[in-house]
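Numbering (UniProt numbering), first residue to last: 1 to 288.
Glycine included, C-beta positions come from ideal geometry on N, C-alpha and C.
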């Protein structure tokens, strides 16, 4: 399944419309025991994956969204939300090398060889999470609650930016039994600060389990404030994990201009999952 992309302006318009209904339908929600809410989270969001040759630096993130709850009883409710969340991770590989057969600009076959020092790649994802959960809460003005369920994550932006501090390349021509370390115009030699910016990651939807627990307090007539701790755990990989490119791509027509194929398409990284945990605040209108 390919990633599903959503225009940013469409999501902003959606949030504005939902907030409008949250405000105007306050009185209606008190009568039918529906609950409309907005939420914000300070979180540790992780784009986690396997990277045997390097190490992973995971950045902190944040989340914001809107929600609706339908109360089956004063204790039990079904909840649906739409939450925006940002993920960012950076892969660092001190040294990596490789070789493969290719063709030069004179259509001569040769083995391209490279050594890349201080390879760095940052992935950035913007995700809309849609959790469906079941909530139980106790009685009283101040309630304890717990909710659990599943959620899907729709990627509407997923890119990576990569760089190599030092790249050493050569070409071995078996037919002549010679290895060339130059000239530069053939793509052989020493290169510095090779850079690749904003390349699209063609990834799948995310599927996660959701667990949240905390305190729900009345702050007015049919108004409530939730303070809780949550954990979202990805149960399926979102990366395709298929080797389609080399980490350092030799370009036949422009051999001195290298393309960085990325750690996922080259097979150096696999099994990407979305994980997050943190504190969530929710302001709700209606409900019990």
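Short Cβ contact (9 Å threshold) for residue i with residue j
i           : j           : result
residue 282 : residue 206 : no
residue 111 : residue 97  : no
residue 304 : residue 121 : The displayed coordinates of the chain run from 1 to 288. Any statement about residue 304 would go beyond what the structure contains.
residue 188 : residue 195 : no
residue 115 : residue 167 : yes
residue 277 : residue 43  : yes
Residue i classed as buried or exposed, judged by whether at least 16 other C-beta atoms fall within 10 angstroms
i           : result
residue 143 : buried
residue 247 : buried
residue 238 : buried
residue 105 : exposed
residue 90  : buried
residue 57  : exposed
residue 45  : buried
residue 217 : exposed
residue 109 : exposed
residue 229 : exposed
residue 147 : buried
residue 131 : buried
residue 176 : exposed
Secondary structure of residue i, DSSP reduced to three states
i           : result
residue 275 : strand
residue 28  : With a pLDDT of only 49 at residue 28, under 50, the local geometry of the prediction cannot be trusted, and the value read off the model is given with reservation. Residue state, collapsed to three classes: helix.
residue 184 : helix
residue 254 : coil
residue 284 : strand
residue 54  : coil
residue 131 : strand
residue 299 : Any answer about residue 299 is impossible in this case: the structure gives the chain only from 1 up to 288.
residue 195 : strand
residue 116 : strand
residue 177 : coil
residue 107 : coil
Whole-angstrom distance between residue j and residue i, CA atom to CA atom
i           : j           : result
residue 197 : residue 85  : 22 Å
residue 33  : residue 141 : 16 Å
residue 251 : residue 159 : 22 Å
residue 231 : residue 49  : 18 Å
residue 208 : residue 179 : 50 Å
residue 40  : residue 225 : 12 Å
residue 184 : residue 103 : 16 Å
residue 256 : residue 107 : 16 Å
Rounded distance between the beta-carbons of residue j and residue i, thought under 8 Å
i           : j           : result
residue 133 : residue 79  : 5 Å
residue 63  : residue 71  : Not really, about 24 Å apart at Cβ, beyond 8 Å.
residue 286 : residue 35  : 4 Å
residue 92  : residue 153 : Their Cβ separation, rounded to whole angstroms, is 25 Å, which puts residue 92 and residue 153 out of contact at 8 Å.
Contact with chain D by residue i, beta-carbon distance below 9 Å
i           : result
residue 116 : Within the model displayed, chain D is absent; a lone protein chain is all it includes.
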